[in-house]
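Some notes on the structure that comes next.
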Amino acid sequence: MGIIQISLSVSVLILFIAVLRVLFIYKISRNTIMLLWKLVMLRLLIPFPIPSVSFNFNGWNKNFDIASMAAKGLANKQILNSNTVYQVGDVSNKFSESVTQYINPFLWIWIIGFGISFIIFFKAYRKSYSFLRESLPIIDDITVSEWMGEQKLKRKVSVMVSDKITTPITFGIWKPKIVLPKNMNYQNQQQLKYVLSHEMVHIKKLDSFWKIISILVSCMHWFNPFVWLMYTFVNCDMEMACDEKVISIYGESEKSDYALTILYLAEQKSAYTILYNGFGKKPIKERVRAIMRYRKKSIFGISLSLAIILVTVLFLMLFPGNGKSLNRNEEAIKTVLEQIFTCPNQEMIEVYNNMFSRIQTSPLEENINNEIDKKLYEIYQPYISSKWYESFVMYFYSYLYVYSTTDGYEIAVDHIDIKRSDTIPTNYSFMVYLNYSKEGGEKNHTKIEGSAQFLEEKGKISYLQLFDKNLKLELMSSRN
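Numbering (this note's numbering), first residue to last: 355 to 834.
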């Protein structure tokens with residue numbers, strides 16, 4: 355499944371969570387909402403696109419005459435080995451095949467969009483980091499020292515001060531730092547504890563890490579406005595989840611004092627919180643209202659939260675992936691390959707035997723061609739694009755003949771692995787695993803790689819190529 359399809363599918367879930375924020379704003383914990391956002395971000399992050407290369411075929415001569423080739427003794431002609439395909443003696447004079455790499459132009463558009471988004475965030479990071487590097491440790495504040503002594507920390511946390519910021523900021527993952535503004539009122543010990551507790555909650559929740567993830571997801575899905583909407587919600591809900599935790603630490607009786615602290619700090623302005631966790635100022639009205647209406651969640655709220663989490667997880671696991679169109683395309687590839695790699699194929703043997711017999715007795719090659727064409731059309735037309743059908747028959751005639759009718763060999767498909775391109779939904783690569791034996795001897799195993807494209811309609815192959823370097827040579831040598 356491509357990144358665009360995944361992005362659009364997950365957009366439904368983003369809207370679902372956004373609606374929940376409104377309908378159950380005071381019923382569901384913001385920690386639950388943040389958990390949902392994290393699940394969505396991970397789902398959006400997992401299918402990171404890898405540039406894919408597919409193959410195209412050009413330059414085939416359409417004046418290809420099957421009966422003439424058979425009359426010239428196709429089975430006894432020398433097979434030439436190349437890095438990709440095999441050409442059959444005089445057949446190489448009839449047509450030429452070239453493989454060209456193809457990269458979807460939409461991939462370049464995605465790369466440009468990703469690059470621009472990433473550069474914007476990176477420049478903001480560099481600018482803010484240069485200021486934060488100048489912060490100094492707080493070593494003589496009694497309130498800070500006492501508060502730090504009360505914390506049970508698994509990581510070393512430093513409390514710094516800076517004259518370059520106006521609101522508290524937390525940054526760093528492995529060695530987190532809390533940076534306080536120099537002009538903050540350090541005499542108000544209770545307010546200082548609220549601030550430190552809020553920032554410590556950010557550290558314990560690894561919010562700096564999740565903020566980076568949200569930025570990376572936004573860069574990857576820069577084309578999706580719903581992802582940018584999610585980015586805004588994540589930043590807001592991250593702060594509100596911390597507010598809930600701080601209130602649970604100090605008790606509901608201190609909600610008003612904590613809300614006043616938020617209002618005081620919201621009056622300050624800071625431009626350096628794109629990649630860092632700050633005390634926050636937007637949307638201040640929603641935060642204060644949530645703080646003042648905070649209550650310990652009821653059984654209904656807890657049950658609702660669990661149900662929503664379950665629905666979200668199930669959606670992420672089971673939401674429509676490649677859909678019926680992918681199944682139809684896979685079925686077309688499998689059917690064609692199983693037909694090609696079945697030996698002995700009684701239908702094809704009968705066609706070729708009849709063809710060779712009529713060549714000896716009739717000069718009417720056109721009638722012979724018509725009979726062969728009719729049979730091949732009956733077998734492959736349901737799975738091959740009408741525009742490419744003639745080229746398919748030309749290109750695969752020698753394959754169909756050799757794989758289907760070699761005396762003394764039994765060939766059967768064990769299984770076929772098919773993978774759809776992440777970046778070009780019309781492109782597929784596959785691996786055919788074959789079992790074959792000679793004259794009832796020991797069973798051998800081999801695998802043949804190939805690629806296919808579906809450019810016109812679903813379930814109709816436009817291009818197909820095999821990369822067989824061993825089996826065909828062995829079969830041809832047995833005919834000599």
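Just so you know, even glycine gets a beta-carbon here, dropped at the ideal spot from N, CA and C.
Self-check item: Per-residue DSSP class, three states only, for Lys558
Solution: helix
Practice problem: Measure the Cβ-Cβ separation of Ala766 and Thr696 and say whether it is below 8 Å. | Solution: Taking a C-beta distance under 8 Å as the contact criterion, Ala766 and Thr696 qualify as a contact pair.
Quiz item: Taking Cβ positions, are Val511 and Val498 nearer each other than 8 Å?
Solution: The answer is no: Cβ separation not under 8 Å.
Practice problem: Closer than 6 Å by C-beta to Ile371: which residues in its own chain qualify, once you throw out the five before and the five after it? Chain order, please. | Solution: Leu390
Exercise. Apply the 10 Å Cβ neighbour rule to Tyr731 and answer buried if 16 or more other Cβ atoms are within range, or exposed otherwise.
Key: exposed
Quiz item: Going by alpha carbons, who is nearest to Ile519 out of Trp564, Ser791 and Arg487?
Solution: Arg487
Self-check item: Span of the alpha helix (DSSP H), counted from its first residue to its last, around Thr586
Solution: Per DSSP, the continuous alpha helix (DSSP H) segment holding Thr586 begins and ends at Pro579 to Tyr604.
Quiz item: How about Val373 and Val394: are their beta carbons less than 8 Å apart?
Solution: no
Quiz item: Given that a residue counts as buried once 16 or more other Cβ atoms are within 10 Å of its Cβ, and exposed if not, what is Phe563?
Solution: If you draw a 10 Å sphere on the C-beta of Phe563, you find fewer than 16 other C-beta atoms in it, and that means exposed.
Exercise. Any chance you could list the alpha helix (DSSP H) runs of at least 4 consecutive residues sitting entirely within the stretch 519-578, in chain order?
Key: 543-558 and 561-574
Quiz item: Can Met485 and Asn683 be called in contact, C-beta distance under 8 Å?
Solution: Here the sequence assigns Phe to residue 485, which means Met is not the residue at that position. No, the pair does not count as a contact, with Cβ atoms beyond the cut-off.
Quiz item: Hey, how far is the Cα of Asp771 from the Cα of Val786?
Solution: 7 Å
Quiz item: How close, in whole Å, do the beta carbons of Gln693 and Ile733 come, if the pair is a contact with beta carbons under 8 Å?
Solution: Between Ile733 and Gln693 the Cβ distance is about 6 Å, and since that is below 8 Å, they are a contact.
Quiz prompt | With 16 other Cβ atoms within 10 Å as the buried cut-off, status of Lys477 | solution = exposed
Quiz prompt | Between the CA atoms of Lys547 and Ile496 - distance to the nearest angstrom | solution = 12 Å
Self-check item: According to DSSP, residues forming a beta bridge with Pro779
Solution: Its beta-bridge partners do not exist; DSSP assigns none.
Quiz item: Any idea what DSSP makes of Ile737, helix, strand or coil?
Solution: A small fix is needed here, since residue 737 is Tyr in this sequence, not Ile. In the structure shown, Tyr737 sits in a helix (DSSP, three-state: H, G or I).
Self-check item: Distance between His575 and Ile357 (C-alpha atoms, nearest Å)
Solution: 8 Å
Exercise. Select from Tyr380, Arg384, Leu398 and Ile368 the residue whose C-alpha is nearest the C-alpha of Cys596.
Key: Arg384
Quiz prompt | Segment limits, alpha helix (DSSP H) that includes Asp495 | solution = In the DSSP annotation of this structure, Asp495 is not part of any alpha helix (DSSP H), being labelled neither H nor E.
Quiz item: Alpha carbon to alpha carbon, what distance is there between Lys508 and Leu660?
Solution: 29 Å
Self-check item: Bridge partners - Met514, DSSP secondary structure assignment
Solution: Pro491 and Val533
Quiz prompt | Buried versus exposed, by CB contacts within 10 Å (16 or more), Met646 | solution = By the 10 Å Cβ count, Met646 comes out exposed.
Exercise. Could you check how far apart the C-beta atoms of Val555 and Lys599 are, in whole angstroms? I think they sit under 8 Å.
Key: The Cβ separation is near 5 Å, so the contact holds.
Quiz item: Alpha carbon to alpha carbon, how far is Val376 from Trp462?
Solution: 38 Å
Quiz item: For Tyr743, which three-state DSSP category applies?
Solution: helix
Practice problem: Please say whether Val690 and Leu825 have beta carbons closer to each other than 8 Å? | Solution: no
Quiz item: Who pairs with Asp771 in a beta bridge, going by DSSP?
Solution: Met785
Exercise. Report the partner residues of Ala661 according to the DSSP bridge assignment.
Key: Its beta-bridge partners do not exist; DSSP assigns none.
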